[in-house]
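Student: One point on numbering: in our numbering, the residue at position 239 of the sequence shown is 239, and numbering is uninterrupted. For each residue, glycine too, the CB sits at the ideal point set by N, CA and C. Values in this document were obtained by computation on a predicted structure and should not be read as measured data.
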Amino acid sequence: MIGLTGRRARTTTALTVTALAASLALTACGGSSSAKGADGKLNVVASFYPMEFLAQQIGRDHVSVTDLTAPRVEPHDLELTAKQVAAVQKADAIVYLKGLQPTVDQAVDQSSAKARIDATAASPLVDHHLDEGAGGGDAHQDKGPAGDPHIWLDPARYAAIAKSVGDGFAKADPAHAEDYRKNTDELVTRLTALDQEFQAGLKDARTRTFVTSHAAFGYLADHYGLTQVAINGVDPESEPTPARLAEVQKAAKDNGVTTVFFETLVSPKLADTVAKDLGLKTAVLDPLEGVADPSKDDYLTVMKQNLANLRAALGAPSTTATPAS
Ligand SMILES: [Zn+2]
């Protein structure tokens, strides 16, 4: 039996941000420079890290990118400040993932940005049920009606989203369309190489089942022929029932699972407790909903670390090891 308390002190963040918004409102008359006019750059708002990374990589020097989700903040159900809503309304281009953050979706609906780039238009969401391999569980359901939002964790889907960002920027800022296309091609090439590393690296794994605390890896599992057994729901704030935990335990035993994965933005307490109960190790599988230190890590480096951790947990032979880069 596992008891969990709230996964993060979200109210603290909300209060701080509200106070900040209030103080900004008081000083709003003092020389704030308008984003596009001042520096001539395309003013882009990204909803959370994976969208920010695409915007930066494709826009480079031609864009000024604001991320609505701060580093180390978990993006599910983000609340926007008044200042952020205004930023969305003023943006030239918005890159977001419809269905992940309802308040962002609402702000985007009211924006007249030249490009409103929805990742799910390039890569439609599907439902991932949590009881794969465990049979018949009705303990959990996806929270949102739209389906599992974690499409960025499949590099092939992420490449498709990258292309739609390139197209959107080219439309919003035709003067630099050629650069956006070139940058998009370069990024897609790197994502395709990453996809091939995953394919090769996971091909001969001893088991294809992995256990994770947060059900973020359904698309990755689908793409590489793996089975995700998630302790928690797609929404990381949900809590598992005893019935769900029993299913996870059975799936782990039946499939020779060695490791319980937890993620970086959430307390490892749940995964630790489950791992201890089952006599398993723990390791990190990062859902890339944020990057703790963007000066050190990005989507590509974190995904390569995810691959290394998956290979170790699944017992992939070292002869197919991918070169460190
Ligand atoms: Zn998530």
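Quick check on Asp39: buried or exposed, where buried means 16 or more other Cβ atoms within 10 Å of its Cβ?
Tutor: Flag for Asp39 reads exposed.
Student: Just confirm the distance between the C-beta atoms of Thr192 and Ala159, as a whole number of angstroms; I'd bet it's less than 8 Å.
Tutor: Confirmed, about 6 Å.
Student: Measure the alpha-carbon distance for Pro72 versus Leu288 and round it to whole angstroms.
Tutor: The identity of residue 72 in the sequence shown is Arg, whereas the question assumes Pro. So the alpha carbons of these two residues sit roughly 10 Å apart.
Student: For Ala203, does the three-state DSSP call read helix, strand or coil?
Tutor: This sequence places Lys at residue 203; Ala is not what is there. Note: Lys203 maps to coil in three-state DSSP.
Student: With 8 Å set as the bound, which would you pick, yes or no: does the beta-carbon of Gly99 sit closer than that to a beta-carbon of chain D?
Tutor: Absence of chain D from the displayed structure is noted, only one protein chain being present.
Student: Please confirm whether any heavy atom of ligand 1 lies closer than 7 Å to the CB of Pro287.
Tutor: Pro287 Cβ: within cutoff of ligand 1.
Student: Are there three or more Cβ pairs, one per stretch, closer than 8 Å when the region 92-107 is compared with the region 41-51?
Tutor: The region 92-107 is in contact with the region 41-51.
Student: So, is Glu52 buried or exposed, given that buried needs 16 or more other C-beta atoms within 10 angstroms?
Tutor: With 16 or more Cβ atoms within 10 Å of its Cβ, Glu52 is classed as buried.
Student: With DSSP collapsed to three states, give me the class of Ala28.
Tutor: Only weak support is given to the placement of Ala28: the predicted model assigns it a pLDDT of 35, under 50, and the question is left unresolved by the model.
Student: Considering just the uninterrupted stretch of the alpha helix (DSSP H) at Gln249, what are its terminal residues?
Tutor: Where Gln249 is concerned, the enclosing alpha helix (DSSP H) stretches over Pro242 to Asp254.
Student: Count the other CB atoms, across all protein chains shown, that sit within 10 Å of the CB of Arg116; report buried if there are 16 or more and exposed otherwise.
Tutor: It counts as buried.
Student: If we count the other Cβ atoms within 10 Å of its Cβ and call it buried at 16 or more, is Pro106 buried or exposed?
Tutor: The sequence shown places Gln at residue 106, not Pro. Gln106 comes out exposed.
Student: Looking at C-alpha atoms only, which residue of Ala230, Val257 and Gly256 is the closest neighbour of Arg244?
Tutor: Checking every option, the nearest Cα to that of Arg244 belongs to Ala230.
Student: Return the chain-ordered list of same chain residues with a C-beta closer than 7 Å to the C-beta of Val85, the five sequence neighbours on each side being excluded.
Tutor: Hits under 7 Å: Ala107.
Student: Taking the beta strand (DSSP E) that Thr209 falls in, what are its first and last residues?
Tutor: Thr209 to Thr212 is the extent of the beta strand (DSSP E) around Thr209.
Student: Is it buried or exposed, Gly31, if we count other Cβ atoms within 10 angstroms and call 16 or more buried?
Tutor: Any reading at Gly31 must be qualified, since the residue scores a pLDDT of 33, below 50, and its modelled position is unreliable; no value is offered.
Student: So what does DSSP say about Val85, is it helix, strand or coil?
Tutor: Val85: helix per DSSP, three-state reduction.
Student: Flag this pair as touching only if the region 177-187 and the region 276-290 have three or more C-beta atom pairs under 8 Å; answer yes or no.
Tutor: No, because fewer than three Cβ pairs between the region 177-187 and the region 276-290 fall closer than 8 Å, the two stretches do not touch.
Student: Counting C-beta neighbours from all protein chains within 10 Å, is the total for Asp293 16 or more, i.e. buried, or is it exposed?
Tutor: Exposed, by the Cβ-count rule.
Student: CA-CA distance, Gly256 and Asp222?
Tutor: The alpha-carbon atoms of Gly256 and Asp222 are separated by roughly 20 Å.
Student: I need the straight-line Cα distance from Phe169 to Pro317, nearest angstrom please.
Tutor: When rounded, the distance between both Cα atoms is 42 Å.
Student: Does the Cβ-Cβ distance between Phe68 and Leu54 come in under 8 Å?
Tutor: Position check: residue 68 holds Leu in this sequence, whereas Phe was assumed. Against a cut-off of 8 Å, the Cβ pair of Leu54 and Leu68 comes out as no contact.
Student: Among Thr212, Gly99, Lys304 and Asp298, whose alpha-carbon lies nearest the alpha-carbon of Ala283?
Tutor: Nearest C-alpha to Ala283: Thr212.
Student: With respect to the alpha helix (DSSP H) encompassing Arg342, which residues constitute its N-terminal and C-terminal limits?
Tutor: Only positions 1 to 325 of the chain appear in the structure, and residue 342 is not among them; the question remains open.
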